[in-house]
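Colleague:
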Amino acid sequence: MSRNEIAWKEQPKFPSTHFVDTRIYTDNEIFREEQEKIFNKCWIIGCHESELPNAFDYRTFHHPGGAQLFMIRGEDMKVRAFYNICPHRGNTLLYDPVGNAKRITCIFHAWSFSPKGDCTDIPRGKEGYQERYGCKDASLREVKSEVGYGGFVWVNVDDDSCTLKEYIGDALGMMEENLSMPLEVFTYHKAIVNTNYKLWHDTNSEFYHDYMHYFNRITGMMQPGYFDRKYKGYPNGHASVGSMAIKYDAYAGSQERAVGWPGLAPGGWVLIDLFPGMTFNLRTSVLRMDTAIPLGPDKLIIEFRGLGLKSDTPEQRAERVRDHNTIWGPFGRNLHEDLLGVHGQGLAMRERSDSKWVLHGREENSTIHDEVGMRHFYAEWGKRMGRQASDPFGDNKLA
Amino acid sequence: MTPKQLIDELIYRSSLAMDSKNFTGFLDLCDPAFRYAITAYIPEIRKEMTWLEHDKDGMKVLFDNLPRHNSDHSSLSRHVTVYTVEQDEAKQQAKTVSALQVFKTSLDGGATELFAVGKVYDTISMNGGNPKLLDRNVRLDTRMLGIGYHIPL
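Structure below.
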């Protein structure tokens, strides 16, 4: 029997940890608060060290808290991160997403900076500012950065944050061996989707949606071991999913992977979600890394990176590229379906669309179709936001 | 028709076939040794990328599998202009460069938006006056492709 308005809005018959109010996906006030209390406090992946192989190489990054950053490798080969903004009149310092700059010079008035963030030149500084202002007052704003866990460049705009090691804890332990050798980004693309960033991370945090993927149903769900995969939660909202052997040749036109990954069983697939929007997805021959960057409550950039081993032969690399793009490239079989799903959620859960609840209620002993991954995320989200995801404004009168 | 006209018409017919999702018709325009790729240069990591790559059999499998997948059903309209045709009479082949713009039209309301721009590099087997596509490289300038697409361009 269908439901009327009252029944539609009735609280789901689950504990309040097992559903969320859809306003957490649409409300602008909540989004701004997330930028402040979550994204500006957490360690976020800005790029990978292989994107900055040489001294003075830089890479720009739109930080999900809102700041525009760039990461640059100094002459001492240390990677540092700075606001990409000239302290003079607020111009963007580095326009290209990638490049090499021994000296960073603002195009507007030629103020110059070193890769360590020191101001090195203010044209006609003495004439204009006399002794009142000089290079010593005009350094760039540096943000905390560390390179680690597979060679990723992590940034944190909170000067008082915990260390990266404290933030990650044991969450990446399952991939420790897999990430222990030098890696290299071989593909990168972005997608802008009209949806909330948490919906993307939710999709990466539950495998029940394998019903959406013909490829995963045939090569995974119908194969032995699939329903034994288990979720494990870690402090700070991170979670991991255990492996199984994917049967790639079960999909017409596909074949068993010729290239594997050190420390991963043949056909293996492990996944680790890091709060608040990063996913390490190691599937047999390829590591995919997603970074969710919200632009608003209903707009999201996702950065997709595919990585292989730096030691790859050209043949191995070509195989990894093929394996990645067959399912995860912009014309891949799976990525389009995942993006279609969160695009549809964005359409259905617009403000005023009278959506009310999203269910996270499946309990299957933390195995693959259990929704514990999402529940674990929202426990951390609630702690950091000081709001309950099931009652974010305290007006739901939950039982 | 002149060889140049035959080549132009082959390229335009291949776009018409794909626009109308007439995949059998598209494959009929391809040589048995046909190879297809979508490529791009990715400046953020300073690397070349091949996003899709198939031979003729692989293209057929891809088309056959489409109904089993969940896909965006918006239609694509491929606007192709053949810029250059270089014929190699000794090889009985021609190489062409065409400009490509792809527009996506939504099913709900029919709004059209630009999906991708790039160039198409074709190698054509002249096949004794019945030219066939031997190799196609859809070289994209556009790399931000929204939610992506399951059907080749």
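Here the protein sequences line up with chains Z and Y, keeping their order.
Position one of the first sequence corresponds to residue 1 (the numbering used here), numbered consecutively onward.
Position one of the second sequence corresponds to residue 400 (the numbering used here), numbered consecutively onward.
Glycine included, each C-beta is placed from N, C-alpha and C at the ideal position.
Which stretch, first to last residue, makes up the alpha helix (DSSP H) that contains Z/Val259?
Modeller: As a working mapping, residue 259 of chain Z is identified with position 259 in the first sequence. Run containing Z/Val259: none; DSSP gives neither H nor E here.
Colleague: In its own chain, which residues sit with a C-beta less than 7 Å from the C-beta of Y/Arg562, not counting the 5 before and 5 after it?
Modeller: Missing from the structure shown is residue 562 of chain Y; chain Y here goes from 400 to 552 and no further.
Colleague: Can you list the residues of chain Y that Z/Met412 reaches, using a CB-CB cut of under 8 Å?
Modeller: It is not possible to answer for residue 412 of chain Z, since the shown part of chain Z is limited to 1 through 399.
Colleague: Whose Cβ in chain Y lies nearer than 8 Å to the Cβ of Z/Arg333?
Modeller: As a working note, residue 333 of chain Z is residue 333 in the first sequence. Under the 8 Å cutoff, chain Y gives Asn464, His468, His549.
Colleague: Please check the pair Z/Phe61 and Z/Gly74, which I expect to be a contact at CB under 8 Å, by giving their CB distance rounded to whole angstroms.
Modeller: On the first sequence, residue 61 of chain Z is found 61 positions in, with the first residue counted as 1. On the first sequence, residue 74 of chain Z is found 74 positions in, with the first residue counted as 1. Z/Phe61 to Z/Gly74, Cβ: 17 Å. No contact.
Colleague: Quick check on DSSP: helix, strand or coil for Z/Trp381?
Modeller: Walking along the first sequence from the start, residue 381 of chain Z turns up at place 381. DSSP places Z/Trp381 in helix when its eight states are reduced to three.
Colleague: Between Y/Met543 and Z/Lys190, how many whole angstroms is the CB-CB distance? I'm expecting something under 8 Å.
Modeller: In the second sequence, residue 543 of chain Y corresponds to position 144, counting from 1. In the first sequence, residue 190 of chain Z corresponds to position 190, counting from 1. That pair is a contact at about 6 Å.
Colleague: Determine whether the beta carbon atoms of Z/Gly150 and Z/Val372 lie at a separation below 9 Å.
Modeller: For the purposes of this step, residue 150 of chain Z is taken as residue 150 along the first sequence, with counting starting at 1. For the purposes of this step, residue 372 of chain Z is taken as residue 372 along the first sequence, with counting starting at 1. Their beta carbons are not under 9 Å apart, which means Z/Gly150 does not touch Z/Val372 by this criterion.
Colleague: Could you tell me which uninterrupted alpha helix (DSSP H) segments, each at least 4 residues in length, are contained entirely in the region 21-47 of chain Z, listed from first to last along the chain?
Modeller: List check, alpha helix (DSSP H) in window: 28-34.
Colleague: Quick check on the DSSP output: the alpha helix (DSSP H) that includes Z/Asn196 runs from which residue to which?
Modeller: Counting from one through the first sequence, the residue named residue 196 of chain Z turns up at place 196. No alpha helix (DSSP H) holds Z/Asn196; DSSP gives it neither H nor E.
Colleague: Counting only beta-carbon separations shorter than 9 Å, does Z/Lys406 have a partner in chain Y?
Modeller: Absent from the model: residue 406 of chain Z. The displayed extent of chain Z is 1 to 399, so no value can be given.
Colleague: What residues from chain Y crowd round Z/Val98, counting only those whose CB sits closer than 8 Å?
Modeller: Position 98 of the first sequence holds residue 98 of chain Z. The contacting residues are Pro442, Glu443, Ile444, Arg445.
Colleague: Compute the Euclidean distance between the alpha carbons of Z/Lys136 and Z/Phe113, then round it to the nearest angstrom.
Modeller: Taking the first sequence and counting its residues from 1, one reaches residue 136 of chain Z at position 136. Taking the first sequence and counting its residues from 1, one reaches residue 113 of chain Z at position 113. For Z/Lys136 and Z/Phe113, the distance between alpha carbons rounds to 11 Å.
Colleague: Does the beta carbon of Z/Tyr167 sit closer than 9 Å to a beta carbon anywhere in chain Y?
Modeller: For the purposes of this step, residue 167 of chain Z is taken as residue 167 along the first sequence, with counting starting at 1. False, the Cβ-Cβ gap to chain Y never drops below 9 Å.
Colleague: Which residue wins for smallest C-alpha separation from Z/Ile327, given the options Z/Ala292, Z/Asn281, Z/Trp200?
Modeller: Against the first sequence, residue 327 of chain Z aligns to sequence position 327. It is Z/Asn281.
Colleague: Report the three-state DSSP secondary structure of Z/Leu164 (helix, strand or coil).
Modeller: As a first step, residue 164 of chain Z is located in the first sequence; it is residue number 164 there, counting from the start. Three-state result, Z/Leu164: helix.
Colleague: Distance cutoff 9 Å, beta carbons only. Does Z/Tyr214 sit that close to anything in chain Y?
Modeller: Working through the first sequence from its first residue, we reach residue 214 of chain Z at position 214. Judged by the 9 Å Cβ criterion, Z/Tyr214 is in contact with chain Y.
Colleague: Could you tell me whether the Cβ atoms of Z/Gln11 and Z/Leu295 are closer together than 9 Å?
Modeller: Residue mapping note: residue 11 of chain Z aligns to position 11 of the first sequence, counting from 1. Residue mapping note: residue 295 of chain Z aligns to position 295 of the first sequence, counting from 1. No, these two residues do not count as a Cβ contact at 9 Å.
Colleague: Name the two residues that bound the continuous beta strand (DSSP E) containing Y/His453.
Modeller: Stepping through the second sequence from its first residue, residue 453 of chain Y is reached at position 54. Here the beta strand (DSSP E) through Y/His453 covers 446-454.
Colleague: Give me the Cα-Cα distance between Z/Tyr248 and Y/Asp471, rounded to the nearest whole angstrom.
Modeller: Taking the first residue of the first sequence as 1, we reach residue 248 of chain Z at position 248. Taking the first residue of the second sequence as 1, we reach residue 471 of chain Y at position 72. Those two C-alpha atoms are separated by around 24 Å.
Colleague: Which class does Y/Leu465 belong to by DSSP, given the choice of helix, strand or coil?
Modeller: Within the second sequence, the letter at position 66 stands for residue 465 of chain Y. DSSP places Y/Leu465 in helix when its eight states are reduced to three.
Colleague: Given Y/Cys429, which residues of its chain have a CB within under 7 Å of its CB, disregarding the five upstream and five downstream residues?
Modeller: As a position in the second sequence, residue 429 of chain Y is number 30, starting the count at 1. Answer for Y/Cys429: Lys455, Lys531, Leu532, listed in chain order.
Colleague: Looking at Z/Pro330 and the ligand FAD, is the gap between the Cβ and the nearest heavy atom below 8 Å?
Modeller: This structure lacks the ligand FAD; in fact it carries no ligand of any kind.
Colleague: Report all residues from its chain with a CB closer than 6 Å to the CB of Z/His63; omit the five preceding and five following residues, and keep chain order.
Modeller: Taking the first residue of the first sequence as position 1, residue 63 of chain Z is located at position 63. Once the five neighbours on either side are set aside, the close Cβ partners of Z/His63 are Leu69.
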